[in-house]
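S.K.: Encoded as structure tokens, here's the structure I'll be asking about.
In the UniProt record's numbering, the protein residues as written are 1 to 288.
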């Protein structure tokens, strides 16, 4: 992709994602992802119904009249995006590849974060940590993230979600909200996910394509594994092959969902040919 095309794509994604963030997600994001706690704001005279535990005894003694401390939510968060850049993200059979949906969702979350004065950082991962972008604020930082989402080429193509989660746990010292955006085509990340969620607020966004759920009958086909580059000849018209594949998908998805439940992870699944806005809104409202 040349520079002109890159700039054009960055601008297109910025316009769309800023619009969604401003018009749709602003309130839901603010409500769904709370700050680290409550911080002192001011004192005022005691009013009927105030919690007596909030009485400021020093000020009360000074003025010989009860005063209470007023607290407000500490809104500033650090948001981390854990982006799967393995080979399987390049799959897609409708209008968009999985990587296109991942890019748009990451951009929307980024603009939602800075609109709420939160810092945003990114971890690109395959079977290793491909790139780490430190959390910062501001539009310039978001545009840098979008450029990387569009143009970044990983060294490796296989997946190790546990490695990304371990890196998050070690690299980010204070509690953050971490979105893991992946197709979750990996099966050994439960322990790392459990540990990461004890320290941080981890949210899983599973991206998949409808053709990954079932095999169409199109005859004998030479298929390539996007992560290992291995080729296999598959008779897609064979009923037993179709049923075995469909069963594999159901078992794999059920296993992933079971891991999310056991680890207490809020999550949603987003299909490439469906409106991801609805899925994100459902997730946000479920957290309120």
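Backbone N, C-alpha and C define an ideal beta-carbon position, used for all residues, glycine too.
1. Could you check if residue 20 is buried or exposed, using at least 16 other CB atoms within 10 Å of its CB as the buried criterion?
2. Start and end of the alpha helix (DSSP H) containing residue 306?
3. Any chance you could list the alpha helix (DSSP H) runs of at least 4 consecutive residues sitting entirely within the region 51–77, in chain order?
4. Under 8 Å by Cβ, that's how I've got residue 204 and residue 267 pegged, so tell me the actual separation to the nearest angstrom.
5. With 16 as the cutoff for other CB atoms within 10 Å, does residue 127 come out buried or exposed?
6. Determine the closest residue to residue 53 out of 47, 31, 182 and 68, with distance taken between C-alpha atoms.
7. Have a look at 84, 112 and 116 and flag the residue whose alpha-carbon is nearest the alpha-carbon of residue 155.
8. Under 8 Å by Cβ, that's how I've got residue 123 and residue 129 pegged, so tell me the actual separation to the nearest angstrom.
9. Quick check on residue 183: does DSSP put it in helix, strand or coil?
10. Just to confirm my understanding: we take residue 221, look at its own chain, exclude 5 residues before and 5 after, and list those with CB closer than 6 Å. What are they?
11. DSSP three-state call for residue 121: helix, strand or coil?
12. Please state whether DSSP places residue 289 in a helix, a strand or coil.
13. Closest to residue 273 by CA distance: which of 29, 99, 159 and 190 is it?
M.R.: Per the coordinate set shown:
1. Buried: at least 16 other Cβ atoms inside 10 Å.
2. Only positions 1 to 288 of the chain appear in the structure, and residue 306 is not among them; the question remains open.
3. 57–63
4. Beta-carbon to beta-carbon, residue 204 and residue 267 are separated by about 4 Å, close enough to satisfy the 8 Å threshold.
5. Residue 127 comes out buried.
6. Selection 47, 31, 182 and 68 evaluated against residue 53 yields 68 as nearest (Cα-Cα).
7. 84
8. The C-beta separation of residue 123 from residue 129 comes to about 6 Å, placing the pair in contact by the 8 Å criterion.
9. In this structure, residue 183 counts as coil in the three-state DSSP scheme.
10. 234 and 236
11. strand
12. There is no way to answer for residue 289, as the model of the chain reaches only from 1 to 288.
13. 99
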